[in-house]
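Under my numbering, the letters of the sequence shown match residues -18 to 135, in that order.
Presented below is the structure to which this report refers.
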Amino acid sequence: MKNEGSVEPSYAEFEPYCTWKKERKICISKATDILEIKLSGFKKEEVKVELEKDVLHISGERPVGRSPQRFLKKIDVSKYDTEDLGAEFEGGILRIRLPMKCSAIRFRVGGDNETLGILLSWPQIKTTISAVAAALLLLLLAFYMYKYSECTNF
């Protein structure tokens, strides 16, 4: 005798093609990574983007013949500002904007009431510190060469 209870459909699991892009602006502001996931054949209502703590869950399911297609991607977003995440689905491409977390650097200009602040992401801070350190080393080397070449008779 055959048991004809509910039968779980078999799914065709697949890994969608993804590309990462960096969005940089000339002004000092938040750097943004953009994740593009190619999902041709999917409709907007067949795709879900959910944030759970510091993990972004991207999933989709669509009917294709007898075995529907589905996918699930999990992405660690701990280095991003999750308050400003954005997603759009257009032309079979899901674009997720992931702005980097930024640290405010504040310094005084002039009197007590004048404070100027800029936002830099950690990669920008590291790059800035490296550039300043390299410039200081070059300055120190130039001073050393000037001092000792002046005292030497050629």
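Just so it is clear, CB atoms sit at the ideal spot from N, CA and C, and this is done for glycine as well.
Quiz prompt | Among 18, 80 and 122, the one whose alpha carbon lies nearest that of residue 64 | solution = Minimum Cα distance to residue 64 is reached at 80.
Quiz item: Whose C-alpha, out of 78, 44 and 22, is nearest the C-alpha of residue 30?
Solution: Closest option to residue 30, Cα to Cα, is 78.
Self-check item: Proximity of residue 41 and residue 27 at Cβ, strictly below 8 Å
Solution: Yes, Cβ-Cβ distance for residue 41 and residue 27 is below 8 Å.
Quiz item: Taking the C-alpha atoms as reference points, what is the distance between residue 15 and residue 129?
Solution: Approximately 52 Å, taken between the alpha carbons.
Exercise. Starting from residue 68, trace the beta strand (DSSP E) both ways and give me its first and last residue.
Key: Residue 68: member of the beta strand (DSSP E) spanning 67 to 71, first to last residue.
Quiz prompt | Option in 34, 44, 70 and 119 with minimal Cα separation from residue 20 | solution = In terms of Cα proximity to residue 20, the closest of 34, 44, 70 and 119 is 70.
Quiz item: residue 61: buried (16+ other C-beta within 10 angstroms of its C-beta) or exposed?
Solution: By the 10 Å Cβ count, residue 61 comes out buried.
Practice problem: Output the distance between the C-alpha atoms of residue 24 and residue 118, rounded to the nearest integer angstrom. | Solution: Within the model, the alpha-carbon separation for residue 24 versus residue 118 is close to 56 Å.
Practice problem: Name the residue from 58, 48 and 124 whose alpha carbon lies nearest to the alpha carbon of residue 35. | Solution: Cα-wise, what sits closest to residue 35 is 58.
Exercise. Could you say which of 37, 116 and 44 lies nearest to residue 67 if we only look at CA atoms?
Key: Ranking 37, 116 and 44 by Cα distance to residue 67 puts 37 first.
Self-check item: Counted within 10 angstroms of its Cβ, other Cβ atoms place residue 124 as buried (16 or more) or exposed
Solution: Residue 124 should be labelled exposed.
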